[in-house]
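K.L.:
There's a structure below that I have some questions on.
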Amino acid sequence: MKRMTWIVAILGMCGALATAAVPAAAQEPGIGEQLVARGAPADFANQVAQIVASARADALPTAPLESKALEGWAKRDRVPPERVLAVLQQLVGRLEQGRNVVRDVGFDASPPVVAGAAEALGRGLTAEQIREVVRSAPDPAAAGTGLTVAASLAAQGLPAAAAVRAVSDAYRSGRGPEEVLEFPSTVADATARGERMADIGQRIMQGGMLAPPGGGAGGAGSGGQGGRPPGMPGSKQGTKTQASKP
């Protein structure tokens with residue numbers, strides 16, 4: 023059950039990142055209308071819409087902002103609207119920083135990769151750690167997946183350095199995004215068996231690699247690779263390109 027929960031969560035995040043590449047016209051109704059339809063005050067909805075519109079004008083991905091706004095409004099009993107607006111502004115800053123980091127590596131700063139970098143920054147990864155994941159990825163699509171997974175591993179409590187090492191070592195060994203997507207489930211399974219997160223992280227830093235759940239005797243922090251589950255996102259799409267400076 024925990025394995026499926028993590029897979030669904032990661033797929034949901036990847037889906038949100040992919041949505042960032044969809045033209046705004048294809049995503050009607052707009053975020054303001056969506057919030058009003060959920061009972062949000064018009065003033066709050068308009069402020070959110072302005073933040074999203076400003077980000078779109080700056081060529082930043084807006085799907086993460088819209089998702090965060092809807093999530094914040096859903097928690098309105100515990101999170102005041104002004105706090106939601108502040109969080110959105112912080113996310114805009116991380117999206118801008120994430121885009122710059124991705125461009126520094128020479129990758130095309132596509133919306134999914136930029137959104138993945140912003141998610142990683144929000145989970146405590148440094149700019150250099152993000153560059154490490156992006157450099158190790160075979161293509162931009164894999165970079166976006168790797169950043170999302172590294173952020174998820176950090177959210178589970180794995181040290182950021184170990185989360186980055188797990189993803190980058192996997193890519194450099196020839197493993198694909200489909201396998202990398204399983205890593206949070208692998209870690210969840212290991213901790214459910216009583217393993218400490220610190221021990222898992224230590225084995226990763228010593229060169230052990232995470233194996234997908236059910237991938238054989240490898241398990242968390244081993245060299246076993248296991249099989250690649252079919253139908254998972256993360257197939258090779260796009261190529262490395264030299265991005266122009268902002």
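Using our numbering, the first residue of the sequence shown is number 23, and each one after it goes up by one.
For every residue, glycine included, the Cβ atom is placed at its ideal position computed from N, Cα and C.
Should Q111 be labelled buried (16 or more other beta-carbon atoms within 10 Å of its own) or exposed?
P.N.:
Flag for Q111 reads exposed.
K.L.:
Assuming P16 contacts V186 (C-beta within less than 8 Å), just tell me the rounded distance between them.
P.N.:
No answer is possible for residue 16: it lies beyond the span of the chain, which begins at 23 and ends at 268.
K.L.:
With burial defined as no fewer than 16 other Cβ atoms inside 10 Å of the residue's Cβ, what is the status of Q69: buried or exposed?
P.N.:
Q69 comes out buried.
K.L.:
Would you tell me roughly how many angstroms separate the C-alpha atoms of I226 and A210, rounded to the nearest one?
P.N.:
15 Å
K.L.:
Please state the DSSP three-state secondary structure of L107.
P.N.:
helix
K.L.:
Looking at C-alpha atoms only, which residue of A81, G179 and R153 is the closest neighbour of G168?
P.N.:
The candidate whose alpha carbon is nearest that of G168 is R153.
K.L.:
In this structure, how does DSSP classify T84 when only helix, strand and coil are distinguished?
P.N.:
coil
K.L.:
What does a CB cutoff of less than 7 Å around V155 pick up in its chain, not counting 5 residues either side in sequence?
P.N.:
A165, G168, L169, A172, V186, V189 and S190
K.L.:
Is V114 helix, strand or coil when you go by DSSP?
P.N.:
Residue state, collapsed to three classes: helix.
K.L.:
Whose C-alpha, out of R105, G138, D99 and A108, is nearest the C-alpha of R121?
P.N.:
G138
K.L.:
What is the residue span of the alpha helix (DSSP H) that F129 lies within?
P.N.:
Careful: F129 lies outside any alpha helix (DSSP H) and carries neither H nor E.
K.L.:
Around the Cβ of P51, are there at least 16 other Cβ atoms within 10 angstroms (buried) or fewer (exposed)?
P.N.:
exposed
K.L.:
For L224 and E201, I'd like the C-alpha separation in whole angstroms.
P.N.:
Checking the sequence, you will find Gln at residue 224 rather than Leu. Those two C-alpha atoms are separated by around 21 Å.
K.L.:
On the criterion of 16 or more Cβ atoms from any shown chain inside 10 Å, does V44 qualify as buried, or is it exposed?
P.N.:
Interpretation of V44 is limited by its pLDDT of 47, a score under 50 that renders its predicted location unreliable; the figure taken from the coordinates is listed afterwards. By the neighbour-count rule (16 or more Cβ atoms within 10 Å), V44 is not buried but exposed.
K.L.:
Along the alpha helix (DSSP H) that carries S76, what are the first and last residues, could you check?
P.N.:
A64 to A79
K.L.:
Taking 6 Å as the limit between beta carbons, can you name the residues of its chain near A140, skipping five residues before and five after?
P.N.:
R116, L117 and G120
K.L.:
Could you give the C-beta distance for S174 and P206, rounded to a whole number, given that I count them as a contact under 8 Å?
P.N.:
Indeed, because the Cβ distance is near 5 Å, the residues count as touching under 8 Å.
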